[in-house]
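So the sequence shown is numbered by the numbering used here: it starts at 240 and just counts up by one. Every residue, glycine too, gets a C-beta built ideally from N, C-alpha and C.
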Amino acid sequence: MTAELHGGSGDEQRSAPQPGNRSSGIDGGIDLPRIERAVREILAAVGEDPDREGLVETPARVARMYAEMFRGLHSKPRQHLQKFFTEKYDEVVLVRDISFCSMCEHHLLPFMGKAHIGYLPNGKVVGLSKLARVVDGVAHRPQVQERMTEEIADMLLEELNAKGVAVVIEASHSCMTIRGIRKPGSLCTTSAMKGIFRKSLSTRAEVMQLIYGDRRV
Numbered sequence: 240m241t242a243e244l245h246g247g248s249g250d251e252q253r254s255a256p257q258p259g260n261r262s263s264g265i266d267g268g269i270d271l272p273r274i275e276r277a278v279r280e281i282l283a284a285v286g287e288d289p290d291r292e293g294l295v296e297t298p299a300r301v302a303r304m305y306a307e308m309f310r311g312l313h314s315k316p317r318q319h320l321q322k323f324f325t326e327k328y329d330e331v332v333l334v335r336d337i338s339f340c341s342m343c344e345h346h347l348l349p350f351m352g353k354a355h356i357g358y359l360p361n362g363k364v365v366g367l368s369k370l371a372r373v374v375d376g377v378a379h380r381p382q383v384q385e386r387m388t389e390e391i392a393d394m395l396l397e398e399l400n401a402k403g404v405a406v407v408i409e410a411s412h413s414c415m416t417i418r419g420i421r422k423p424g425s426l427c428t429t430s431a432m433k434g435i436f437r438k439s440l441s442t443r444a445e446v447m448q449l450i451y452g453d454r455r456v
């Protein structure tokens, strides 16, 4: 028997930004005034007037946006896996279609998509929403998709001592769709297979079938 759940964009997947010392301009470790000054410089550098009506509040808006998008730099997603239940369940646990949005560290443009996480328990199981919270925490930082995939997989393997972990991420990168080669609709897929999912082709095939079903052969 396999436990399976489809993710989404529900409230249970969202982590509130950590409170910061707003009186000093620090929001959860993010220096808002410094970002505002930098954005003003960028606007001036491209030939805009940062003091015109439509842009005068833009630096503050961008600073708040970065505080939200990069809140994962100052959070500890690993903590969501440290409250677990002892169970004898020994089949695959899978949560599919966990929506996320992250930021590519090369151009500081967003990439977004869905994460699929499966693991084979070794006596420890976590609440299904915790897997979505881990994705949310890891996603909110500048990074590349490959590292995000590996980091989530390693975190589950270490914290749950799982027999196997499978993480597959599918994402659209705006650095490929709105600039450069400009290929809307392109999708990047990365995977990280740990433990038995890496060693056993049949077990890996099972979890991939659970993830994709009839979508892929």
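By the C-beta density criterion, GLU275 is buried, having at least 16 other C-beta atoms within 10 angstroms. Taken atom to atom, the span from the alpha-carbon of PRO316 to that of VAL331 is near 22 Å. Here SER314 carries a coil assignment [DSSP, helix/strand/coil]. In the structure shown, VAL364 adopts extended strand secondary structure according to DSSP, grouped into three states.
Rounded to whole angstroms, the separation of the alpha carbons of CYS343 and PHE324 is 35 Å. A straight-line Cα-Cα distance of about 57 Å links GLY362 and ALA284. Judged by DSSP in its simplified three-state form, ARG273 adopts helix. Counting the other Cβ atoms within 10 Å of the Cβ of VAL295 gives fewer than 16, which makes it exposed. Contact check between the region 389–405 and the region 350–362: three or more CB pairs, one atom from each, fall below 8 Å, which counts as touching. Here the C-alpha atom of ASP288 lies approximately 56 Å from the C-alpha atom of ALA444. Just so you know, the alpha carbons of LEU348 and MET387 end up roughly 15 Å apart.
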